[in-house]
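Read through the structure below, which is laid out as structure tokens, and then see the notes.
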Amino acid sequence: MKHKIILDTDPGIDDAMAIFFAFLSPQIEVLGLTTVFGNVPVEMSARNAQTLCALAEQDIPVCKGVGMPWVGKESGYAHFVHGDDGFGNINFPPAKIRELDPRSSAQFIVDMARQHPGEITVVAIGPLGNLALALRLEPALPKLLKGVSIMGGAAFVRGNVTPVAEANIWNDAYAAEIVFAAEWQLTMFGLDVTNAVPFTPQFLEELKLGNNKLGGFVRDAAQFYVQFYSQNREDKVCFFHDAMPIAHLIDPTLFEIQGGHARVSTDPLNIGQTSVALPGTTTSPDWLNAQQINVATQVDKVRLTQLYLDTYQA
Ligand code: RIB
Ligand code: CA
-5 MKHKIILDTD PGIDDAMAIF FAFLSPQIEV LGLTTVFGNV PVEMSARNAQ
45 TLCALAEQDI PVCKGVGMPW VGKESGYAHF VHGDDGFGNI NFPPAKIREL
95 DPRSSAQFIV DMARQHPGEI TVVAIGPLGN LALALRLEPA LPKLLKGVSI
145 MGGAAFVRGN VTPVAEANIW NDAYAAEIVF AAEWQLTMFG LDVTNAVPFT
195 PQFLEELKLG NNKLGGFVRD AAQFYVQFYS QNREDKVCFF HDAMPIAHLI
245 DPTLFEIQGG HARVSTDPLN IGQTSVALPG TTTSPDWLNA QQINVATQVD
295 KVRLTQLYLD TYQA
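Count the sequence shown with my numbering and you get residues -5 to 308, in order.
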């Protein structure tokens, strides 16, 4: 039985690698791409998502979602990580199989959840504004979705935007607070696991060898991304954060998952911090009354890497 997913995304180089990984996996059925601001403005997210679908010959809905955080000013975006075009400045010609779906990302998530009750996992690999808005459109959404898996947060490690906050949460902390407090099965793949698996230029070459078109695109786009991640390092690496929640759906044994009460900070100093209280570590009602989530705390690097290479093998 394939996993039905909606990929909520801000492509983005690691998003692109994750999106192709999902398209190529026989265990995954992608019902649509719902886009959000984050790495790039939402208009570029949407255009890039259409281009990725065209390159992969996937004629599926692509929706444009929220372009602003729940609270506060417009994002500064992460062009310094993903390039001016979101694809490492490779100036890949925009393409599309179909026009954008007329629905917003949030409305598409709600419509699909109502159409396939209990069957869909939303895999959110960007800021969480679309999921928060979908919850406001349909308060019963937690009962209509099978689950929510996110790339985001940092439970027991440092952040990557501030000492305590990871980009997807920091970019829309109020939306994240709403999402973390909802009563769905939420599994968080934070920097605890995604920063634990660096990928080398050799891995990129192997992706291209295995799949010249899609692996080659990732390899080319990731050259800029490797430069960013390799500053102040002896070695050259990058991190494919966004593919991990998809890998978990395909093979849960790749990960150690722990349950805990989670809270998202929205105070100015710690905004975007995702703090998790593991069982028995607190008696504070502020924490014990917080929603329980699942947190990925360990990953089998060797088997994960092999799964990526095997799946990209055309
Ligand atoms: O912190 C990493 C996350 O932020 C990834 O999803 C990356 O694509 C960016 O959105
Ligand atoms: Ca992303």
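Every residue gets a Cβ at the ideal spot worked out from N, C-alpha and C, and that includes glycine. No experiment lies behind these values; they were computed from the predicted model shown.
Buried or exposed by the 16-neighbour rule on C-beta atoms within 10 Å, applied to residue i
i: G274; result: exposed
i: P63; result: buried
i: Q292; result: exposed
i: R257; result: buried
i: F74; result: exposed
i: T247; result: exposed
i: Q101; result: buried
i: R297; result: exposed
i: G112; result: exposed
i: L49; result: buried
i: N165; result: buried
heavy atom of ligand 1 below 8 Å from residue i C-beta
i: H76; result: yes
i: D245; result: no
i: N42; result: no
i: L248; result: no
i: T181; result: no
Backbone CA spacing between residue i and residue j [nearest angstrom]
i: I172; j: P96; result: 25 Å
i: S19; j: G209; result: 14 Å
i: S98; j: L131; result: 11 Å
i: A237; j: N283; result: 31 Å
i: K207; j: A10; result: 13 Å
i: P35; j: G61; result: 6 Å
i: G32; j: D105; result: 24 Å
i: I163; j: E200; result: 32 Å
i: A175; j: Q285; result: 5 Å
i: G330; j: L301; result: Only positions -5 to 308 of the chain appear in this structure, which leaves residue 330 out of reach.
i: V212; j: F197; result: 11 Å
i: L138; j: V270; result: 26 Å
i: T181; j: A308; result: 30 Å
i: P133; j: A107; result: 12 Å
i: T156; j: P55; result: 35 Å
Residue i beta carbon near ligand 2 (any heavy atom closer than 8 Å)
i: H235; result: yes
i: M145; result: yes
i: T29; result: no
i: N162; result: yes
i: I84; result: no
i: P111; result: no
Anticipated Cβ contact below 8 Å, residue i with residue j, distance rounded
i: V142; j: A290; result: V142 to A290, Cβ: 14 Å. No contact.
i: T29; j: D4; result: 7 Å
i: G59; j: G123; result: 7 Å
i: P239; j: I119; result: 7 Å
i: I114; j: I265; result: At roughly 30 Å, the Cβ-Cβ gap does not stay under 8 Å, so I114 and I265 are not in contact.
i: A72; j: A161; result: 7 Å
i: F14; j: A215; result: With a Cβ gap of about 11 Å, F14 and A215 do not count as contacting.
i: N288; j: I244; result: Not really, about 16 Å apart at Cβ, beyond 8 Å.
i: L125; j: V116; result: 6 Å
i: C57; j: L1; result: 11 Å between Cβ atoms; not a contact.
i: G184; j: A241; result: So it is not a contact: roughly 14 Å between Cβ atoms.
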